[in-house]
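K.L.:
Below you'll find the structure I mean.
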Amino acid sequence: MEDGKPVWAPHPTDGFQLGMIVDIGTDALTIEPLNQRGKTFLAPISQVFPAEDDVNKHVEDNCSLMYLNEATLLNNIRVRYSKDLIYTSVANILIAVNPYFDIPKLYSPETIKSYQGRSLGTLPPHVYAIADKAYRDMRVLKMSQSIVVSGESGAGKTENTKFVLRYLTTSYGTCQDIDERIVEANPLLEAFGNAKTVRNNNSSRFGKFVEIHFNEKNAVVGGFVSHYLLEKSRICMQSAEERNYHIFYRLCAGASEDIRNMLHLNSPENFRYLNRGCTRYFANKDSDKQIMQNRKSPEHGKAGALKDPLLDDLGDFNRMVVAMKKIGLDDTEKLNLFRVVAGVLHLGNIDFEETGSTSGGCILKNQTSQTLEYCAELLGLDQDDLRVSLTTRVMLTTAGGAKGTVIKVPLKVEQANNARDALAKAIYSRLFDHVVKRVNQCFPFDTSSNFIGVLDIAGFEYFEHNSFEQFCINYCNEKLQQFFNERILKEEQELYQKEDLGVNEVHYVDNQDCIDLVEAKLVGILDILDEENRLPQTSDQHFAEAVHSKHKDHFRLTVPRKSKLTIHRNLRDDEGFIIRHFAGAVCYETTQFVEKNNDALHMSLESLVCESKDKFVRDLFENNSNSKDSKQKAGKLSFISVGNKFKVKFCLWV
Ligand SMILES: Nc1ncnc2c1ncn2[C@@H]1O[C@H](COP(=O)(O)OP(=O)(O)OP(=O)(O)O)[C@@H](O)[C@H]1O
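Pasting the structure below:
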């Protein structure tokens, strides 16, 4: 920092503010803000940075800044953003700020054309420039390439992923409709995998890796989508301002009268899996008028439609139906999907009450009989079988003379509710798997030389309440951070050293210890959790205790009472743990970790769906019934580990 020159000093809301140093202490500086002459404040030396000579000037690449620090980087992005320049480069990395409105011509066909074949840095930073670099590198190096899109919810990951796909298919497609199909698949995936959250009206509740495949002539020949971790809890429950997956509302709003009658659908208000969240539709003035009154909830009637320029449940339903046709789904397949979606909704309406008998079990409430009938009809199940499977659990005895005898254990109301929700989650997530599989079948490729992959996965998450979903997402971001450290920081610096460039060493925190804490064999949190799942009597408390006792003095792990937030300090040691991630400490509440880590259904529910009269439903569970994992251990739930499945799938990718 030079004498008499402005500096960036911390600001409580803006991040940084410009000021002058008026006094230098041992570890703090006295700063006089430029816009509040006469007033001073103290700032730690480590948080004060030199400013550029002209703070209103901006550069396209942060590497061109005279001083590169947190404050100048932030200011450069801010100045550019104020001029609708949402993209900024940092060498090969692109920073994108979500403008939340359409910037004219930013993604036009002319813009696409202008970036084709142009080296990085010759045109203004753009997601197209990154896509083209990936393409050119693939061609020159004859190697597949990947683009990692990362950021918090609402940052614009999915929109930018779509721009990359459109750029590649438009620029390097073969003019067969395969290019179109790759782009057309999005409305279908989004209908089943996206939902309104408080942060994003069209939030992707699953991670995906989309591959665009090219032949030896480097033309697009097909695509492939892999998906990770659909948020299952949303299928049964959402917070007041949020919604379930779009498809539920789109079907209620857009289905023809015939289909609506066939599926026994009406307003979202009438379904438990929808009515605890927001029941309003996304609509514009016209589409709101077209949605029939009996399909709207009182909340929609009172507060009106939800507004978003990109969302419209009725219009999106129609667009989705067109997309289904384009990617090759016929009417029967379309109805199959709708039928299962409606079946899940009716399943959620099944209610239980205590029998009052000494056996302590429960029965279906009388009012529920119609719902049971609808659900059974839509999912091809026998009504009685469905009733029995929801209210009892089949067990095999393990010991004594009658080893292997089947006994039916009556379930309490709460257990039956859990069984119903587990069944709904299993059916819907299988349906989602099917949608992705079907999408993949519509852009097949026989010959692929290389591919460009785009990873669109949720960024680091930190809420007031963090559960198993956040744990998996943050573990994945920890792995991505390590990948970034290795590829960008370590390898680049090794190159500088090899070439004797004399560049100052950049220090970074190695996060291997945090990754080990999660994924190490036997002692890692994922394996401790799997171990808990295999116990005859599972318990979230026992799991949390095991985590703490195995990692007593681990730098990265501590108990919730050490949190800075009161809400976490109220948790007992056996109700959670804090992990110090690269991006900050997160307190995870471990209730439901054990349940959420298990993808398997109770034996009775499993065989119920596997023996459905409906071939479509049976096929959704086909792999399950044959798989080794799902073989029932006597007297105990089968176990398919969600956490480790995710680890293996994701590690393979990295
Ligand atoms: N480049 C852009 N131009 C205009 N609007 C944009 C752009 N990027 C994002 N948006 C708007 O922001 C919304 C959220 O973006 P997007 O869904 O891509 O976020 P995300 O990072 O994928 O979030 P999530 O992790 O919740 O899925 C979009 O629906 C769109 O309205």
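Residue numbers for the sequence shown follow UniProt numbering, so the first one is 1 and each next one is one higher.
Every residue, glycine too, gets a C-beta built ideally from N, C-alpha and C.
Might you give, ordered along the chain, the residues of its own chain that have their beta carbon closer than 7 angstroms to the beta carbon of glutamine 145, omitting 5 neighbours on each side?
P.N.:
Excluding residues within five positions, the ones whose Cβ falls inside 7 angstroms are Ala134, Asp137, Met138 and Ile452.
K.L.:
Could you work out which residue in Thr161, Ile407, Asp385 and Ser429 is closest to valine 394 when comparing CA atoms only?
P.N.:
When only C-alpha atoms are compared, the closest one is Ile407.
K.L.:
For tyrosine 100, count neighbouring C-beta atoms within 10 Å of its own C-beta (all shown protein chains included) and say buried if the count is 16 or more, exposed if not.
P.N.:
By the 10 Å Cβ count, tyrosine 100 comes out exposed.
K.L.:
So which of Glu299, Gly380 and Glu414 has the shortest CA-CA distance to aspartate 351?
P.N.:
The candidate whose alpha carbon is nearest that of aspartate 351 is Glu414.
K.L.:
Across the segment 171 to 185 and the segment 434 to 447, are there enough close Cβ pairs to call them in contact, namely three or more that are closer than 8 angstroms?
P.N.:
As far as the Cβ criterion goes, the segment 171 to 185 touches the segment 434 to 447, which means the pair count is three or higher.
K.L.:
Using a Cβ-based criterion (distance less than 7 angstroms to any ligand heavy atom), does leucine 165 qualify as near ligand 1?
P.N.:
No - ligand 1 has no heavy atom lying nearer than 7 angstroms to the Cβ of leucine 165.
K.L.:
Tell whether a beta-carbon distance below 8 angstroms holds between valine 220 and tyrosine 172.
P.N.:
The answer is yes: Cβ separation under 8 angstroms.
K.L.:
By the 10 Å Cβ neighbour count, where 16 or more other Cβ atoms means buried, how is glutamine 290 classified, buried or exposed?
P.N.:
With fewer than 16 Cβ atoms within 10 Å of its Cβ, glutamine 290 is classed as exposed.
K.L.:
Do you know offhand how far leucine 18's Cα is from asparagine 92's?
P.N.:
Approximately 29 angstroms between the Cα atoms of the pair.
K.L.:
Could you give the C-beta distance for leucine 601 and leucine 381, rounded to a whole number, given that I count them as a contact under 8 angstroms?
P.N.:
That pair is no contact at about 14 angstroms.
K.L.:
Determine the DSSP secondary structure at threonine 161, reduced to helix, strand or coil.
P.N.:
Helix, per DSSP.
K.L.:
Going straight from the alpha carbon of lysine 410 to that of threonine 591, what length do you get?
P.N.:
A small fix is needed here, since residue 410 is proline in this sequence, not lysine. Going by the C-alpha atoms only, they are around 24 angstroms apart.
K.L.:
Taking the C-alpha atoms as reference points, what is the distance between isoleucine 567 and glutamate 461?
P.N.:
One C-alpha to the other measures close to 17 angstroms.
K.L.:
Quick one: using the 10 Å Cβ neighbour count with 16 as the cut-off for buried, is glutamate 469 buried or exposed?
P.N.:
Its Cβ being crowded by 16 or more others within 10 Å, glutamate 469 is buried.
K.L.:
Return the first residue and the last residue of the alpha helix (DSSP H) that serine 389 is part of.
P.N.:
Looking at the DSSP string, the run of the alpha helix (DSSP H) that includes serine 389 is 383 to 391.
K.L.:
Using three-state DSSP, classify cysteine 442 as helix, strand or coil.
P.N.:
Correct three-state label for cysteine 442: coil.
K.L.:
Where does glutamine 497 land, buried or exposed, given buried means 16+ other C-beta within 10 angstroms?
P.N.:
Burial call: exposed.
K.L.:
Quick check on phenylalanine 543: buried or exposed, where buried means 16 or more other Cβ atoms within 10 Å of its Cβ?
P.N.:
Result: buried.
K.L.:
For the segment 349 to 364 and the segment 314 to 325, state whether three or more C-beta atom pairs, one from each stretch, are separated by less than 8 angstroms.
P.N.:
Short answer: they don't touch.
K.L.:
Just the C-alpha distance for serine 153 and alanine 458, rounded to the nearest angstrom, thanks.
P.N.:
About 7 angstroms.
K.L.:
What does the alpha-carbon distance come out to for the pair valine 79 and leucine 310?
P.N.:
The alpha-carbon atoms of valine 79 and leucine 310 are separated by roughly 27 angstroms.
K.L.:
Between which residues of its own chain and serine 612 is the CB-CB distance below 7 angstroms, once the five residues before and five after are set aside?
P.N.:
Around serine 612: Leu379, Gly380, Leu381 and Arg618.
K.L.:
So does the segment 225 to 238 actually touch the segment 273 to 288, counting three or more Cβ pairs closer than 8 angstroms?
P.N.:
Yes, the segment 225 to 238 is in contact with the segment 273 to 288.
K.L.:
So, using beta-carbon positions, are residue 665 and phenylalanine 616 closer together than 8 angstroms?
P.N.:
Residue 665 lies beyond the residue range present for the chain, which begins at 1 and ends at 654; the question has no answer from this structure.
K.L.:
Which residue's Cα is closest to the Cα of alanine 546: Phe577, Leu565 and Lys564?
P.N.:
Closest by alpha carbon: Phe577.
K.L.:
Heavy atom of ligand 1 less than 7 angstroms from the Cβ of glutamate 159, yes or no?
P.N.:
Glutamate 159: yes, Cβ under 7 angstroms from ligand 1.
K.L.:
Just checking tyrosine 81 against ligand 1 - is the residue's beta carbon closer than 7 angstroms to any of the ligand's heavy atoms?
P.N.:
No - ligand 1 has no heavy atom lying nearer than 7 angstroms to the Cβ of tyrosine 81.
K.L.:
In or out: lysine 302 buried (at least 16 other Cβ within 10 Å) or exposed?
P.N.:
With fewer than 16 other Cβ atoms within 10 Å, it is exposed.
K.L.:
According to DSSP, simplified to helix, strand and coil, what is glutamate 269?
P.N.:
It is helical.
K.L.:
Any chance the CB of asparagine 202 is under 7 angstroms from a heavy atom of ligand 1?
P.N.:
Checking the Cβ of asparagine 202 against ligand 1 gives yes.
K.L.:
Quick check on threonine 169: buried or exposed, where buried means 16 or more other Cβ atoms within 10 Å of its Cβ?
P.N.:
Classification for threonine 169: buried.
K.L.:
Taking the straight line between their C-alpha atoms, what separation do you get for valine 344 and tyrosine 428?
P.N.:
Taking the straight line joining both Cα atoms gives about 7 angstroms.
K.L.:
In terms of DSSP beta bridges, what is serine 359 paired with?
P.N.:
DSSP output for serine 359 lists no bridge partner at all.
K.L.:
Which residue's Cα is closest to the Cα of tyrosine 508: Ile515, Leu517 and Gln481?
P.N.:
Measuring from the Cα of tyrosine 508, the nearest candidate turns out to be Gln481.
K.L.:
Between which two residues does the beta strand (DSSP E) holding cysteine 587 run?
P.N.:
584 to 589 is the extent of the beta strand (DSSP E) around cysteine 587.
K.L.:
Looking at the structure shown, is asparagine 450 part of a helix, part of a strand, or coil, going by DSSP?
P.N.:
Of the three classes helix, strand and coil, the one that applies to asparagine 450 here is strand, per DSSP.
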